[in-house]
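**Student:**
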Amino acid sequence: MEIWINPDCSKCRSALSILDAEAADYTVRRYLDDPPAASEIREVLARLGLEPWDITRTGEPRAAELGIGTWPRDDRDRWIEALAANPVLIQRPIITADDGSAVIGRSEEAVRSTLL
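Following my numbering, the numbering of the sequence shown begins with 16 at its first residue and continues without gaps.
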């Protein structure tokens, strides 16, 4: 299992606490320091069953600078490339489980779903 985190994020710290309490075997990826490539984002989106705009933090200042709020949702590649180039825009934490599933672990329930 791998978890993409920003250590400054309270939701990320909470997810790590849950995983630690359950003695889960996981790897931490500080995705701001080690940004995922566009291909990795595509893979995670497939595992999540989501589109890139679903995991984009549109409230971030960088999103406003890019004008993401006005981007059409028919140019999936543009969104993915923006996430790869600007990892601060990626929703967090994202947990990829060993069974091939993935979740955005913003709730305790979502994090625990990866432990089943």
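Glycine residues also receive a C-beta, built at the ideal position from the N, C-alpha and C atoms.
Can you pull the DSSP bridge partners for ALA117?
**Tutor:** Counting from one through the sequence shown, the residue named residue 117 turns up at place 102. ALA117 is bridged to THR111.
**Student:** Decide if ARG107 is buried, meaning its Cβ has at least 16 other Cβ atoms within 10 Å, or exposed.
**Tutor:** By 1-based counting over the sequence shown, the position of residue 107 is 92. Classification of ARG107: buried, given that the 10 Å Cβ count is 16 or more.
**Student:** Any contact of the segment 72-88 with the segment 28-42, i.e. 3+ C-beta pairs under 8 Å?
**Tutor:** Counting Cβ pairs under 8 Å, fewer than three are found: no touch.
**Student:** Whose C-alpha, out of PRO67, ILE56, GLU123, is nearest the C-alpha of ASP89?
**Tutor:** To locate residue 89, count along the sequence shown from 1; it is residue 74. Selected option, being the one with the closest Cα: PRO67.
**Student:** DSSP three-state call for GLU80: helix, strand or coil?
**Tutor:** On the sequence shown, position 65 is the one that residue 80 refers to. Looking at GLU80 - three-state DSSP - the assignment turns out to be helix.
**Student:** Note down, in chain order, each residue of its chain lying with its Cβ closer than 6 Å to the Cβ of ASN101, except the 5 sequence neighbours on either side.
**Tutor:** For the purposes of this step, residue 101 is taken as the residue at position 86 of the sequence shown. Within the same chain, ASN101 has close Cβ partners ARG77.
**Student:** Kindly indicate which residue of GLU37, TYR46, THR71 has the alpha-carbon position closest to the one of ASN21.
**Tutor:** Taking the first residue of the sequence shown as position 1, residue 21 is located at position 6. Minimum Cα distance to ASN21 is reached at TYR46.
**Student:** State yes or no: is the C-beta of THR129 within less than 8 Å of the C-beta of ILE110?
**Tutor:** Along the sequence shown, one-based indexing puts residue 129 at 114. Along the sequence shown, one-based indexing puts residue 110 at 95. Yes.
**Student:** For ARG44, which of helix, strand or coil comes out of DSSP?
**Tutor:** Taking the sequence shown and counting its residues from 1, one reaches residue 44 at position 29. Reduced to three states, the DSSP call for ARG44 is strand.
**Student:** Just to confirm before moving on: does the CB-CB distance between LEU63 and ILE119 stay below 8 Å?
**Tutor:** Here residue 63 refers to the residue found at position 48 when the sequence shown is read from its first residue. Here residue 119 refers to the residue found at position 104 when the sequence shown is read from its first residue. Going by C-beta atoms, LEU63 is nearer than 8 Å to ILE119.
**Student:** Please check the pair MET16 and ALA39, which I expect to be a contact at CB under 8 Å, by giving their CB distance rounded to whole angstroms.
**Tutor:** Here the question's residue 16 lines up with position 1 in the sequence shown. Here the question's residue 39 lines up with position 24 in the sequence shown. Their Cβ separation, rounded to whole angstroms, is 6 Å, which keeps MET16 and ALA39 in contact under 8 Å.
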